[in-house]
Amino acid sequence: MEFPPRKVVCFHFVPRSGSNLLADLIWQTGQLGHPLKYFSSVNHADLMTRFGSTEEMISARTTQNGLFSFKWNSDFEKIPFAGEIYERLKPQHHILVDRRDVRAQTMSFAKSRKTGQWVTTTSSKMERRRRDVTQLELLRARLRLWMIRTATSSYQKTRNVNVLAVDYEDLLEAPKETLSRIFGHCGETPPADLPTKAVNMVKSRP
């Protein structure tokens, strides 16, 4: 694919809101790019080693219809090169991925911060005990999530962008409808057969 893409979509996300699951679902459609954290310091360095340049990386991750998407966290605003890339791409469409159940989100975030494990897996009783968190850790996690959510809102208002809000609960309860809303917001027609395998996977989650 050539650079720049025909259309760019930014997925703003608050941690522990199912953004990785949403990225997998979108990638399976083959029409809205693959929204990952390309512009975090660690990920970008690895990608530059693989692709050689930002332009080559973006071209490689742009779907055949000319659409590139990426995940954006408010922390990335502190990374100079990330901000420069954002301004170059000038995303036309914005999605905010969050979670209504803030209590569950806070618990999940606190455990992930403590263990460094950000992908949900089945664990033993001993492993689950190691992930137990204190009230202080929960308080810090709640404060950090509030800071990220506030910074994200401020970032969007400063740029006066039109944002579609998508919650984790929406993704679990109505995956096809949620994907269709995202396609519509981006001005794209969803595929006739949305990823059945992925949708079934979502519905089977506890």
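The sequence shown begins at 1 in our numbering and counts up one residue at a time.
For every residue, glycine included, the Cβ atom is placed at its ideal position computed from N, Cα and C.
Query	Result
Endpoints, beta strand (DSSP E) assigned at His-93	93-98
At least 3 beta-carbon pairs within less than 8 Å: the stretch 103-111 vs the stretch 56-75	no
Integer Cβ distance of Cys-186 from Pro-91, believed to fall under 8 Å	No, Cys-186 and Pro-91 are not in contact; Cβ-Cβ is about 10 Å, not under 8 Å.
Segment contact flag, the stretch 12-20 with the stretch 164-183, C-beta cutoff 8 Å, min 3 pairs	yes
Given Lys-78 as reference, the closest of Asp-24, Thr-29, Tyr-155, Gly-66 once Cα atoms are compared	Tyr-155
Euclidean distance between Cα positions of Ser-41 and Lys-176	33 Å
7 Å Cβ shell around Phe-13 - same chain, five flanking residues per side excluded	Ser-19, Lys-71, Asn-73, Val-97
For Ala-23, the residue or residues it bridges with in DSSP	BP columns for Ala-23 are empty, so no partner.
Cα-Cα separation, Leu-211 to Trp-118	Residue 211 is absent from the model: the chain starts at 1 and stops at 206.
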